[in-house]
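S.K.: For reference, the structure I am asking about is given below.
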Amino acid sequence: MLSHYLTHPISPVRKHSNRDPQKYKLFRLEREFVGTCIYHVVAVEDLQRIADHACREHKVLPPKVTIFRQSGKKPPDGWYLDGTIGLNGAYSAQNTCVLLHELAHHIHSARFPDDTQDHGPMFCRFYADLLDKYRIMPFDCFCLLADRWGVEVA
Ligand SMILES: [Zn+2]
2 MLSHYLTHPI SPVRKHSNRD PQKYKLFRLE REFVGTCIYH VVAVEDLQRI
52 ADHACREHKV LPPKVTIFRQ SGKKPPDGWY LDGTIGLNGA YSAQNTCVLL
102 HELAHHIHSA RFPDDTQDHG PMFCRFYADL LDKYRIMPFD CFCLLADRWG
152 VEVA
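Numbering-wise, my numbering puts 10 at position 9 of the sequence shown, and it's gapless, one number per residue.
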């Protein structure tokens, strides 16, 4: 299965962010491989439990997990802002994968508040750790794919 992904052609990245140079490469990896929108809906109480557990492990205060509903042309899967995570319940994003992405922002910003790259190598390290810990994808597998998708992991 992994060999399929390592030989499968990847689509070009159409956007670039100077301030956050890995952002769209990581989004491409997630879209093409992690498949953040294919998972079933998880109750907000269970998502909060995962966030609480992960934050205990990382010794940071847990965020508040909330659900919002936004449809339309390009609604966000989720967002992270000042200790609150929002997951889009109207866009198949109320799931563990999207939670772990936003949770990586929370832990990354608490541990490395001066890191200017929102989706940089250190963020990806936390994200890969969480994907592994909660059994979405083994850490080594993420690193292998990240290398091919042009995403650096610290
Ligand atoms: Zn993000």
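Note that the Cβ used here is the ideal one computed from N, Cα and C, for glycine as well.
1. With burial defined as no fewer than 16 other Cβ atoms inside 10 Å of the residue's Cβ, what is the status of Q95: buried or exposed?
2. Pop quiz: V14 and R32 are said to be a contact at Cβ under 8 Å. What is the actual Cβ separation, rounded to whole angstroms?
3. Decide if H120 is buried, meaning its Cβ has at least 16 other Cβ atoms within 10 Å, or exposed.
4. Could you have a look at F69 and say whether DSSP puts it in helix, strand or coil?
5. Rounded to whole angstroms, what's the CA-CA distance from G151 to K26? Just pull it up for me.
6. Rounded to whole angstroms, what is the Cα-Cα separation between I108 and I51?
M.R.: Straight from the coordinates:
1. Around the beta carbon of Q95, a 10 Å sphere encloses 16 or more other beta carbons of the protein chains shown; the residue is thus reported as buried.
2. Not a contact, Cβ separation roughly 11 Å.
3. buried
4. Three-state result, F69: strand.
5. Take the alpha-carbon of G151 and the one of K26: they are about 7 Å apart.
6. Rounded to the nearest whole angstrom, the C-alpha separation of I108 and I51 is 13 Å.
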